[in-house]
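Asks: Just dropping this structure here.
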Ligand code: IPE
Ligand code: IPE
Ligand code: MG
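In the working numbering, the protein residues as written are 3 to 252.
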């Protein structure tokens, strides 16, 4: 039985988040330039996006470029930005055909102007699509997002739009750039690294974490099915006892 057949359609995560890592090592292991790994990585983004939409996943967030990635060699940063512009332009059609909305999170003002323009165009064109939302985390880091939310809240309190006693977890979430999305239930990281690298720290408080040794360019649909099957085998207790969970399920 394939992993796909093992998936329980009634227990799908609504939101999957992915730290797509290992493009550079994938290329290096083939004696190729790192950029070739990024190009192959883009193919996997397309494949995994379509697979998620077919399965009925409602939100897919992919970590494409972190705040810390700005510190990479200038030529790699520039090449990645160029790849982003070309890819977004090319993919609008596929997103429309698949009824997928494209959105971004992160400090997008830090991106080159032509990237921002392409992203805005894609977001505008796809805004009424409602099968799935693909969220690109670009120039994103969780600490940046949390500080940004704190600033917004401070501003509201200063302008007397909000009262300090209103600030609770829900209010805080509402002021983050992920406000519109439910928290991811499943977080996948490829490439054999066991860390979060400043991704969605607030939102993954209760996510199930899945790590695989595969480099991102090798992560195919079958690997996604395997991750989902693994996720479905876990008991999500949210602080309660296993007995309590079984009682409510039964
Ligand atoms: C992930 O692959 C893509 C980005 C961070 C842009 P890497 O480029 O980090 O690949 P490795 O980790 O060096 O193999
Ligand atoms: C995390 O990968 C960021 C993205 C996938 C965009 P990195 O390759 O930047 O992470 P570290 O530096 O190894 O933790
Ligand atoms: Mg990496």
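Cβ coordinates follow ideal geometry from the N, Cα and C atoms, glycine included.
(1) If we count the other Cβ atoms within 10 Å of its Cβ and call it buried at 16 or more, is residue 88 buried or exposed?
(2) Nearer than 7 Å: is that true of the beta carbon of residue 113 relative to any heavy atom of ligand 1?
(3) Please identify the residue among 74, 95, 234 and 53 whose C-alpha is closest to the C-alpha of residue 188.
(4) Do you know offhand how far residue 200's Cα is from residue 240's?
(5) Going by DSSP, which residues form a beta bridge with residue 65?
(6) Taking the straight line between their C-alpha atoms, what separation do you get for residue 119 and residue 248?
(7) Quick one: what does DSSP say residue 233 is sitting in, helix, strand or coil?
(8) Exposed or buried, which one is residue 176 when buried takes at least 16 other CB atoms within 10 Å?
(9) Compare the Cα-Cα distances from residue 24 to each of 9, 42 and 91 and report the closest residue.
(10) Using a threshold of 8 Å, state whether the C-beta atoms of residue 16 and residue 184 are closer than that.
(11) Considering only residues of the region 115-203, which uninterrupted alpha helix (DSSP H) runs meet the minimum length of 4 residues and lie entirely inside it, listed in chain order?
(12) Can you check whether the C-beta of residue 182 is within less than 8 Å of a C-beta belonging to chain B?
(13) Where do the ends of the beta strand (DSSP E) carrying residue 243 lie?
(14) Pop quiz: residue 14 and residue 59 are said to be a contact at Cβ under 8 Å. What is the actual Cβ separation, rounded to whole angstroms?
(15) Between which two residues does the beta strand (DSSP E) carrying residue 211 extend?
(16) Under the criterion of a Cβ to heavy atom distance below 7 Å, does residue 22 qualify as lining ligand 2?
(17) Is any non-hydrogen atom of ligand 3 found closer than 7 Å to the C-beta of residue 43, if you look at the structure I gave you?
Replies: For this structure:
(1) exposed
(2) no
(3) 234
(4) 23 Å
(5) 21 and 139
(6) 50 Å
(7) helix
(8) exposed
(9) 42
(10) yes
(11) 115-128, 144-160 and 171-176
(12) The structure shown contains no chain B; it holds only a single protein chain.
(13) Taken as a continuous stretch (DSSP letters only), residue 243 belongs to no beta strand (DSSP E), as it is neither H nor E.
(14) 6 Å
(15) 210-213
(16) yes
(17) no
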